[in-house]
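Chains as they are written, first to last, in the UniProt record's numbering: chain A, 1 to 558; chain B, 1 to 379; chain C, 1 to 230.
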C-alpha cells in the first residue's frame, strides 16, 4: 500500500531513463516492422498479419509489455486493421501500439491469443463486429451478437435497414443439446441469462461434476446495446458525453465520463482548469464509493441469501452518496456532468451546505465501514466461505488483462490514478490498496479499503474547494463550439474506473464525429478470468467468485 | 429420588387432582388428551365408542391444524416481512389494513388463485404429492406435542420418537419435489436437502436423547412435567428446571441442528436463493407453491415446538394460559431463525456436511455420554 | 333475482359500458350467470374482492437487465421500500411472480429469453416497463441490435418513463398498476406479429383461434427489423 511506484524492470529492451526508446524496440523486432507511425499517445509499429505472434512474443518476453490493454478492429476503405494497445503493468506510461493491417478480400490475421489470453474475447469481438478472421484462435465465434446474425455491424458496408430474420428453429433452445454424454458423470447447467446471481443478463454455461464446477463458459452479449455505434454517431462536444454514464451504470458515471473526457481532451488539445480538476476528482471518488458499496452489497446478497441486512445497509449508504451527487449534478445515476474542458457547472449554492453534507457523509463513513466489517469480513462463516476460494494469481491476472480491485487483490500493484496520473490525483495524499491472496475475501476487503482511500481523497478535495479563491473558480476552459480533431489521428487513453482500467480508443477522420470509437472495458477483461478462478470450486463459490469480480453487464457488453 | 418419583410429583404439582378424572372438565391436560377432554365435555366419558373417538380426534386435529395454519399465515406472510424489515431499517407492508395485516388475506387468496403451471415432463404423481407431504408431515408432528391448556391430540409412550419420525418425513417431500420437477436447480436443491437432513437428523435425535436420559421416558407430556420442577430459587424467583438451564450445551446443539433441519441460514442451502433460484420449489406455482411455502413455515414452528417441549418447559409459564406460552416460545424460536436469516451468511454445502458429520455428530454424542454420566452420578 | 339481460336504461351508463361500449358481452355465458342474472351480486362482489386481492399484494420477479435495475434495487431497499405497498417481495423464480418489471434495454439476443421468462409466469401476470429503453429503445434507439421497446416482445401494462426513472417514479408506476388492477381494468394486449387490421371483421378471440391453426413451427420467424417498428 503506497503511492511509491514500484521500480521499473530496467533490463527490458527499450527502457531508458527518459522513457521508451522506440528505435531499440524497432531493432528488436527487425524486419517484422513494416512501417512506423505516430499515434497521439505513443508510437505505432505496423506489422505483417502473419507475424503477429512472433512480434508480440518478443515484445512481451523481451521488452516487458505484459499488458495487452486493448484490441481494436476497424475497417478502412481499402483495408481492415487490428490495433493492439500494449502497456506494462509496472509502468502504464510505457506504451506501444501494434497495428496489423489485412486486405479487404481476405481479412485474415494471426491471433494474439497464445501471447495474451485476454486477446481471446477481444478478437472474438473484433470478428463479431468488424469481420476480421483470426488464425489460430481457439474459438472463433460471435460473442456479442446472436449466432444467427447476418453481417458485421461495425463494418463499412453493413446495412442496418435490412431486417435480421431468424427462424424459430435456429434459435438456440437452452434446454436442448445439454444432455451430457451417456458415459459422463457431469451435468450441464445454464446459469442465466435470467438468474438472481448473474447481476444482470449474463449467461454462464456450466458443467457440473456433482456440486463441483468442471467447466465454465460465460456467454455475454445480452446487453450489447451498440454503445460504440452510438458514440460514433455523436459529435465530440456534446453528443457523446451522456453515453459513458450508461457503460458502468452502478453510479460510476463520472468515472466513465472522465475516460471519454481524458481521451477527447488529449485528442483535441484541450486544457482543464485546476478548479474543474478538483471537482472532477471529488465527484469521481464519490462515484467510486457508490460503486464499491454496490459491489459489496451484492456480494453479500450472493453469499448471504435473500435481501439481507448488509445489502440494505449498502443501499442506505449509496442513497446518501447519490443524494450528494444529485445536488452536484442534478441526476441520481446518469450524471452527464463532465464537459470537454471542464465540468458542466459549479458546486451548488450555498456551497457551505454542500460541503457540510459531504463532510457529514465522510464523518459517518468510518462507523459505517466498521459495521460492514462486523457483518461481513469478521464473520467466521463469511471467512470460511470466502478465504481461499476463487483464487486468481498475479500472473494469470496479468495474462487476462485484469485490472482494478480484481488485479490489486491478486498482488498486481496497478492503479492508473497513480501510475499514469491525471486529474488532481498526483497532488493528493492517498494510497493504492493491494492484497496478495487473490481470493474472494481479498477482493471484498480491497474494495472496502478503497472506499476508505476514496474518502481520504474526497476529504482533501473538499478542503481545497473550500479555500479556493472566488475569482479563480473557472469550471471550463475555452472550448470551440465544434471540435474537429485532425484527420486520421489515433489515441488510446485510460482512466481508473470503478472496475479497473477503462480506456477509450478514438480514431478521428477530420469530421466532428469519431470514425472509430472503441471502449476498453475493465469488466470485459475481468470477466474472462472467471473460468480460471471458478473451475474446481463448488457452485456456491462460482456464484461468489462471479460476484467478487464485480462485473457490470452494461460495461461488459457495451 | 428416582426419576419416576419426580414425574409423579410433577404430575401432582401441575394437575392438582392427580389422576385423570373423566368428568372433571377443568382438569387441563394431565394424562388426558384433547379428544378425551372433548368427549368429557360432552358428558360421554373418556372412552366412548370408537366411532365417536375418531370423530373427536378429527375435530381436535382440525382445531390444532387451523391454529397452526393461522400462525403460519400470520408469521409466514406478515411476520416474516415485518421482522426482516425491522432488521433492515425498513417499514414493510403498511398500506393494506391496520399495520398491513390484511396483506395476509390478500397474499393467501392471490397465491391460491394463481394459475398452477405443470411443466412439461414432470414426474406427475410425485410432483403433485410433494407439496402435500411437506406441510402434512409438519402438522402430523404437532399431534403429540403438549401444547398446554389441554391441547394434546395423543400422548403415546413413544411421543418423542414419533415427533422426529414425522418431521423427518419432510425430507421425502423435499426430495420428491426436487426430483420430479424436471429442473436442474430443483434437482440440486432436493439432493442438497436430503444430504442436509441426513447429516443433521442424527445429531438432532441424539441431542434430544440426552433429554430423555434425564426424564427416563419418551412420553412428551412427562418430559414437560419433569421440567416444571424448581431448579433453584434466587431471591424468591423460582427458576424451573428447564433443560435449557440444566443442560445449555445440549440446548445450543439442538438449536443449531434444528436450524439445519428446517433449512434456515446459515444452513439454507436447499433453497439457496441466489444460487439455485428457489431450490426445490423453483418450478412450483399457485396453490402448490402455497403448500410448500406453508410447509416450510410449519416446519419451523414444529421445530420451535420441539425445542420448547424438550428444553423450554413446554407450555409452562406464569400468568398466561399454557397455550399462549407455547405459542410465544414457538414464535421466539421462529424469530431466532429469522434473525439468523438476516444476519448470517450461508455455508457451502460441503462445509455444511462437514459441520454436520464431523462437528455436531461428535459433540452430540459427547453430550449424550456426559449427560449419562451426570444422570448416573445424581441418581 | 330476475334474469334480464337487457341494459336497464340508456342514461344509466356503467363504467364498463362507457369503456367497452353498450350491449352485453356474450362471452359471459356461464350457467351461474344465467341462473342468477347478468350482474349477480355475489359474483360482482367476488370479482371486486379478487381485484382488490390482486391489486393489494404482488410478488415481483427478481429481474435485472440494465441501468434501471439499480434504481429498481433502490426502490426495494431501505429508503424507498416498495414493500410498503405489498409488492416488495422479489421472487427469483418466474413461476412464483405476478409482476415483471422490465428494467432496461432489450437487445436482440435477450428478447427471446425475456419472452420465455414472461411465458413462464403464471396468470394473471402484469408487466411494468421501466425506463425509456423499454418504451422506445431510449437513447439506444438507433442501435443495430436494440429492440425498440418492451412492447415488441411482451404486452406492457404500465410504462414508467425516465432514464432511469427515480425510485419515486417506479413506486408511482407500481401504485398506478395496483390502482388499475383493483379497479378491474387490464391493459389491452397488443401482440405485435398479428396485424390486426387484416382481420378487422373478426373478434379478438376468434382471431387468436384462427391464427393458432396457422402457426407452423417451420415457418415461424422472428424479425429483428427493429427499424421499421413504430
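Note that CB positions come from ideal geometry on N, CA and C, so glycine has one too.
For chain B, find out if any of its Cβ atoms is closer than 8 Å to the Cβ of residue i; answer yes or no.
{"i": "residue 366 of chain A", "result": "no"}
{"i": "residue 304 of chain A", "result": "yes"}
{"i": "residue 539 of chain A", "result": "yes"}
From the options, pick the residue whose C-alpha is nearest to that of residue i; which is it?
{"i": "residue 565 of chain A", "options": "A:31, A:528, A:257 and A:362", "result": "Not covered by the structure: residue 565 of chain A. The range shown for chain A is 1 to 558."}
{"i": "residue 188 of chain A", "options": "A:83, A:435, A:415 and A:208", "result": "A:208"}
{"i": "residue 203 of chain B", "options": "B:377, B:365, B:70 and B:126", "result": "B:365"}
{"i": "residue 164 of chain C", "options": "A:333, A:93 and A:16", "result": "A:333"}
{"i": "residue 154 of chain A", "options": "A:160, A:129, A:134 and A:164", "result": "A:129"}
{"i": "residue 151 of chain C", "options": "C:55, C:101, C:170 and C:90", "result": "C:101"}
{"i": "residue 129 of chain B", "options": "B:173, B:113 and B:140", "result": "B:173"}
{"i": "residue 412 of chain A", "options": "A:500, A:323 and A:364", "result": "A:500"}
{"i": "residue 35 of chain A", "options": "A:244, A:381 and A:100", "result": "A:100"}
{"i": "residue 350 of chain A", "options": "A:335, A:327 and A:141", "result": "A:327"}
{"i": "residue 342 of chain A", "options": "A:363, A:408 and A:264", "result": "A:264"}
{"i": "residue 252 of chain B", "options": "B:236, B:367 and B:357", "result": "B:367"}
{"i": "residue 140 of chain C", "options": "A:112, A:240 and A:371", "result": "A:240"}
{"i": "residue 323 of chain A", "options": "A:407, A:348 and A:555", "result": "A:348"}
Against chain C, does residue i count as a neighbour if the rule is that its beta carbon must be under 8 Å from one of theirs?
{"i": "residue 241 of chain A", "result": "no"}
{"i": "residue 372 of chain A", "result": "no"}
{"i": "residue 194 of chain A", "result": "yes"}
{"i": "residue 164 of chain A", "result": "yes"}
{"i": "residue 260 of chain A", "result": "no"}
{"i": "residue 233 of chain A", "result": "yes"}
{"i": "residue 337 of chain B", "result": "no"}
Does residue i get closer than 8 Å to chain A when you measure Cβ to Cβ?
{"i": "residue 268 of chain B", "result": "yes"}
{"i": "residue 161 of chain C", "result": "no"}
{"i": "residue 62 of chain C", "result": "yes"}
{"i": "residue 346 of chain B", "result": "yes"}
{"i": "residue 59 of chain C", "result": "no"}
Might you give, ordered along the chain, the residues of its own chain that have their beta carbon closer than 7 Å to the beta carbon of residue i, omitting 5 neighbours on each side?
{"i": "residue 44 of chain B", "result": "52"}
{"i": "residue 302 of chain A", "result": "197, 543, 544 and 547"}
{"i": "residue 297 of chain B", "result": "72, 75 and 76"}
{"i": "residue 265 of chain B", "result": "340, 341, 344 and 346"}
{"i": "residue 2 of chain B", "result": "Model confidence at residue 2 of chain B stands at a pLDDT of 40, short of 50, so the residue's coordinates are unreliable; what they give is reported in the following sentence. Nothing listed; no residue qualifies."}
Could you give the C-beta distance for residue i and residue j, rounded to a whole number, given that I count them as a contact under 8 Å?
{"i": "residue 220 of chain A", "j": "residue 143 of chain A", "result": "6 Å"}
{"i": "residue 76 of chain C", "j": "residue 86 of chain C", "result": "Wrong, their Cβ atoms sit about 13 Å apart, outside the cutoff."}
{"i": "residue 187 of chain B", "j": "residue 68 of chain B", "result": "Contact doesn't hold; Cβ gap of about 30 Å is too wide."}
{"i": "residue 63 of chain A", "j": "residue 14 of chain A", "result": "5 Å"}
{"i": "residue 493 of chain A", "j": "residue 266 of chain A", "result": "6 Å"}
{"i": "residue 200 of chain A", "j": "residue 553 of chain A", "result": "4 Å"}
{"i": "residue 466 of chain A", "j": "residue 355 of chain A", "result": "6 Å"}
{"i": "residue 208 of chain B", "j": "residue 310 of chain B", "result": "6 Å"}
{"i": "residue 272 of chain B", "j": "residue 189 of chain B", "result": "7 Å"}
{"i": "residue 111 of chain C", "j": "residue 153 of chain C", "result": "5 Å"}
{"i": "residue 193 of chain B", "j": "residue 280 of chain B", "result": "6 Å"}
Please state the DSSP three-state secondary structure of residue i.
{"i": "residue 150 of chain C", "result": "helix"}
{"i": "residue 168 of chain B", "result": "helix"}
{"i": "residue 140 of chain A", "result": "coil"}
{"i": "residue 489 of chain A", "result": "strand"}
{"i": "residue 160 of chain A", "result": "coil"}
{"i": "residue 50 of chain C", "result": "helix"}
{"i": "residue 283 of chain B", "result": "coil"}
{"i": "residue 447 of chain A", "result": "helix"}
{"i": "residue 380 of chain A", "result": "helix"}
{"i": "residue 484 of chain A", "result": "coil"}
Take residue i and list the residues in its own chain whose beta-carbon comes closer than 6 Å to its own, dropping the five residues that flank it on each side.
{"i": "residue 137 of chain B", "result": "166, 169 and 170"}
Looking only at its chain, what residues have a beta carbon closer than 8 Å to the beta carbon of residue i, apart from the 5 residues adjacent to it on each side?
{"i": "residue 78 of chain A", "result": "104"}
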